[in-house]
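Line by line, the protein sequences are chains A and B. Going by the working numbering, 151 is the number at position 147 of the first sequence; the sequence numbering is gapless. Going by the working numbering, 134 is the number at position 118 of the second sequence; the sequence numbering is gapless.
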Amino acid sequence: MGTLLFFLLGLLCVGSVLGMILSRNQAHNALLLVLSFASLGGLFGLLDAPFIAAVQIIIYAGAIMVLFIFVIMMVNLKEGIRPERKVWTIRLSAGLAVFLLIELGLAVKGTLASIRGEAGPAIGSPTELGRLLFTDYLYPFEITSILIIAALVGAIVLVKKKKDER
Amino acid sequence: MNNLAALSPLLCVVLGALLVLLLEVLFNKENKSYLGYVSLAFLAGGAALCVRSWNKLYSFFNGTLILDNLALFFFLLFSLAGAFIILLSLKYISDQEANHGELYSLLLLALSGMMIMVSSPDLLVIFLGLEVLSVSCYALAGLKRKDEKSAEAALKYFLLGSFASAFLVLGLALLYGAAHSMVISGIIEYFQAGTASKTMGLIGLGLVIVGFAFKIALVPFHMWTPDVYEGAPTPMTAFFSVAPKSAGFAVLLRIFLDFWGASAETEFVFWALWVLSVLTMVVGNLIALRQTNVKRILAYSSIAHAGYMLVAVLAGDQSSLVFYLTAYLFMNVGAFAALIGMSKKGKEYNELEDFAGIGFKYPWIGGTFAVFLISLAGFPPTAGFLAKFYVFSAAVRVGLVPLVVIGVLASLISVFYYLRIVVAMYMREPSPDREVTIDQENPALFLVLFLCLYGVLQLGIFPGNILTIIRMAVSFL
């Protein structure tokens, strides 16, 4: 059952990403990206990391996608921008892709060698994460809230409407 | 000593920022000066708390926040810079269509970010503090919303700043992966221990240095500086040129305190910084020669000064670096204050031609500006001379003679463009088609001018007291 689900979700993920790259329609692209994020979330769930699965769905499929869709709505391109096909960009990207493939292969090989069947204690559990966040990482956590206030105030002061401005 | 009191100066400043926001919403008056006074009060409160914590070595959050004397000294320096900038902004923002009360709040938040940076040995916390500082600065650069240049400055600062932050984060990730520690002492131990390959840690450290070099505008990571400094509202430019730089150098000082001479890798980092320092001093000063806008001249001059400060980092001499930063605060804020004085409602005079004959027409602004420029150039009896003297003599003591020779030559070049402004003010006739009239009813501005003048002369003639305090501050490290 688990294996079947894994392959199903994996297929869904890779398929939707491929569809996203190949499609020219921005709305389709965005929806396919949501699909791939959601199936990635499912994969995390299969790996016994329920918290990361939930975060993946909430943050990526939820928050970040809303931003994407906002941008698509505002820019409102009827047709996608035709990509300029230059020989050197294609060569460069092919080279980089091969490089990435080798890198991934090495990474997988290294990971497989170090894993010996048994999974460790649940690192990604919400309890453990919460404990760390409010003990060891309390100070960075609090600073992050200051950072968010600064970003909010900055964004608002730059775009808000003044009384005399139309 | 683990004590909640360690948080008090920081909390005071953040509280001030939030209160200013609240007051702005509640009262929403057209005249925003009262918000400035409220911010000043909170800065003063924070400074008083700093003075009370002197020599107490408070710490909190498992030692990720340590109020040693160096941190406290920088807190006081930042509070002083913040107070100067607030005083300079009081009239400027209503005159130049940047009348947002949030300015004071953002300024206080930026100050809190810098305080976070200088009071932590943990690179993660330092990074977060840097982000608080940068995010506030991006918004501050764009406060003149109707001005295209200001918008350009904000966007440019934001894009390149985010880019630099990305470098910094990647570098931190690599460093953590290699050294298994985010604390500066742990990273130094990693570099000193064993003979295993340290390539990953070195790449990480390199990326961290690149990130910081962006923020403190070292050549070749300085491209954003002139445009941002020119476009941003002038008091904010003064802030950018002084405060983030001091915070960045304070962090570099902590990182490289025990770093030099440990192993072959540190040698490599040393020479990389050596090259950066030479490039910064030479390129910054050479490009400044060709500028005709005074704001841009001061921007390039601030780049060049970062090069001199890097010499102090390379020499491993903390007290001369801290003294340089202190002197630089007074002379640079003073110079920008004079520049802000050259304005009236809706108009700023920043071109070199506008300064023709100013020395006789407006003797106070012209005279103080001349003193600050002479100090920036490094003539006695001003603070700029002693600062350069201490840095260069410290470098000679550790045998960095070629670097010092280049530094002295570079500062000789700089004399030309500083004196060019002085010559324009005193020896050039104002051209009849350029009418320059400025609004002199700005007591806060003159207060800043005279305080800076006092600082420049006090540090230049009787530096004893401040040197004693600085020695006390660095002796704890």
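Even glycine gets a Cβ: it sits at the ideal position worked out from N, Cα and C.
Looking only at its own chain, which residues have a Cβ that is under 7 angstroms from the Cβ of residue i, when we skip the five neighbours before and after it?
i	result
Pro446 (chain B)	Ala372, Gly373 and Val452
Phe100 (chain B)	Val349 and Val464
Asn4 (chain A)	Chain A is shown from 5 up to 170; residue 4 (chain A) falls before or after that span and cannot be answered.
Arg170 (chain A)	Residue confidence is low: Arg170 (chain A) scores 45 on pLDDT, short of 50, so the model does not pin down where it sits. No coordinate-derived value is stated.
Arg450 (chain B)	Glu369 and Asp370
What is the DSSP secondary structure of residue i, counted as helix, strand or coil?
i	result
Ile486 (chain B)	helix
Ala98 (chain A)	helix
Ile454 (chain B)	coil
Arg170 (chain A)	Per-residue confidence for Arg170 (chain A) stands at a pLDDT of 45, beneath the threshold of 50, marking its modelled position as unreliable; no derived number is given.
Asn301 (chain B)	helix
Asp138 (chain B)	strand
Ile101 (chain B)	helix
Val199 (chain B)	strand
Phe256 (chain B)	helix
Lys360 (chain B)	strand
Ile232 (chain B)	coil
Tyr74 (chain B)	strand
Gln474 (chain B)	helix
Glu168 (chain B)	helix
Asn33 (chain A)	helix
Glu367 (chain B)	strand
Leu110 (chain A)	helix
Met115 (chain B)	Before going on, a small fix: residue 115 (chain B) reads as Asn here, not Met. Coil.
Asn85 (chain B)	helix
Asn481 (chain B)	helix
Asn47 (chain B)	coil
Asn348 (chain B)	helix
For residue i, collect the residues of the same chain with a Cβ closer than 8 angstroms to its Cβ; drop the 5 residues on either side in sequence, then sort them by chain order.
i	result
Leu483 (chain B)	Ser335 and Phe339
Leu36 (chain A)	Ser20, Val21, Gly23, Met24 and Ser27
Leu189 (chain B)	Reading the sequence as shown, one finds Ala at residue 189 (chain B) and not Leu. Taken in chain order, the residues that qualify are Gly220.
Ala194 (chain B)	Tyr206, Lys214, Met216, Gly217 and Gly220
Val420 (chain B)	Val327, Phe408, Ala411 and Val412
Leu20 (chain B)	Phe76
Phe89 (chain B)	Val338, Ile485, Ile486 and Ala489
Once you ignore the five residues that flank residue i on each side, which residues in its own chain have a CB closer than 6 angstroms to its CB?
i	result
Leu223 (chain B)	Phe183, Leu186 and Gly187
Gly357 (chain B)	Ile381 and Leu461
Pro479 (chain B)	Leu402
Ala57 (chain A)	Gly45, Phe48 and Gly49
Leu13 (chain A)	Ser43, Gly46 and Leu47
Ala65 (chain A)	Val38, Phe41 and Ala42
Report, in whole angstroms, the separation of the C-beta atoms of residue i and residue j, which I expect to be a contact under 8 angstroms.
i	j	result
Asn85 (chain B)	Trp70 (chain B)	6 angstroms
Lys360 (chain B)	Ile454 (chain B)	5 angstroms
Met347 (chain B)	Ser391 (chain B)	4 angstroms
Pro260 (chain B)	Leu175 (chain B)	Rounded, the Cβ-Cβ distance is 17 angstroms, inconsistent with contact.
Ser24 (chain B)	Leu73 (chain B)	With a Cβ gap of about 14 angstroms, Ser24 (chain B) and Leu73 (chain B) do not count as contacting.
Val29 (chain B)	Met131 (chain B)	7 angstroms
Phe256 (chain B)	Cys153 (chain B)	6 angstroms
At a CB-CB cut-off below 7 angstroms, which residues of chain C make contact with residue i?
i	result
Pro144 (chain A)	Any reference to chain C falls outside this structure, whose protein chains are A and B.
### Task
Determine which residues of the stretch 77 to 89 of chain B have a Cβ less than 8 angstroms from any Cβ of chain A, and write them out in chain order.
Phe77, Asn78, Thr80 and Leu81
### Task
Count the C-beta pairs between the stretch 305 to 315 of chain B and the stretch 56 to 75 of chain B that are closer than 8 angstroms, then say yes if the count reaches three, no if not.
no
### Message
I want to know whether the stretch 285 to 302 of chain B touches the stretch 155 to 167 of chain B - three or more CB-CB distances under 8 angstroms.
### Response
When Cβ pairs closer than 8 angstroms are counted between the two stretches, the stretch 285 to 302 of chain B is seen not to touch the stretch 155 to 167 of chain B, the count staying below three.
### Query
Relative to chain A, which residues along the stretch 95 to 129 of chain B have a C-beta separation below 7 angstroms, given in chain order?
His116, Glu118, Ser121, Leu122, Leu125 and Ser128
### Query
Pairing CB atoms from the stretch 242 to 255 of chain B with CB atoms from the stretch 210 to 229 of chain B, are three or more of them under 8 angstroms?
no
### Message
Using 8 angstroms as the cut-off, can you tell me whether the stretch 385 to 404 of chain B makes contact with the stretch 472 to 483 of chain B, which would need three or more C-beta pairs spanning the two stretches below that distance?
### Response
yes
#### Entry: Any 3 or more C-beta pairs closer than 8 angstroms across the stretch 110 to 119 of chain B and the stretch 82 to 97 of chain B
no
### Query
When the Cβ atoms of the stretch 405 to 419 of chain B are set against those of the stretch 324 to 333 of chain B, are three or more pairs found closer than 8 angstroms?
The answer is yes - the stretch 324 to 333 of chain B touches the stretch 405 to 419 of chain B, with three or more Cβ pairs under 8 angstroms.
### Task
Could you list the residues in the stretch 47 to 63 of chain A with a C-beta less than 9 angstroms from some C-beta on chain B, going in chain order?
none
### Query
Listed in chain order, which residues of the stretch 124 to 158 of chain B have Cβ atoms closer than 7 angstroms to some Cβ of chain A?
Leu125, Ser128, Ile132, Leu140, Val141, Leu144, Gly145, Glu147, Val148, Val151, Ser152, Tyr154, Ala155 and Gly158
### Query
Counting Cβ pairs closer than 8 angstroms, one from the stretch 196 to 205 of chain B and one from the stretch 225 to 244 of chain B, do we hit at least three?
no
### Task
Give, in chain order, every residue of the stretch 159 to 178 of chain B whose Cβ lies closer than 9 angstroms to some Cβ of chain A.
Residues passing the 9 angstroms Cβ filter: Leu159, Arg161, Lys162, Ala167 and Ala170.
### Task
Taking a Cβ distance cut-off of 7 angstroms, strictly less, list which residues of the stretch 28 to 58 of chain B are near chain A, in chain order.
Listed by position, the residues of the stretch 28 to 58 of chain B near chain A (Cβ gap below 7 angstroms) are Val30 and Leu37.
### Query
Any residues in the stretch 147 to 159 of chain A with a beta carbon nearer than 8 angstroms to a beta carbon of chain B? Which ones, in chain order?
Against chain B - using a Cβ distance shorter than 8 angstroms - the residues of the stretch 147 to 159 of chain A are Ile147, Thr148, Ile150, Leu151, Ile153, Ala154, Ala155, Val157, Gly158 and Ala159.
### Task
Can you give me, in chain order, the residues of the stretch 64 to 79 of chain A that have a beta carbon less than 9 angstroms from any beta carbon in chain B?
none
### Task
State whether the stretch 52 to 69 of chain A contacts the stretch 93 to 100 of chain A, with contact taken as three or more CB pairs (one from each stretch) at a distance under 8 angstroms.
no
### Query
Is the stretch 106 to 114 of chain B touching the stretch 100 to 120 of chain A, taking contact as three or more C-beta pairs under 8 angstroms?
no
### Message
Does the stretch 128 to 146 of chain B come into contact with the stretch 127 to 147 of chain A, if we say contact requires no fewer than three beta-carbon pairs (one atom in each stretch) closer than 8 angstroms?
### Response
yes
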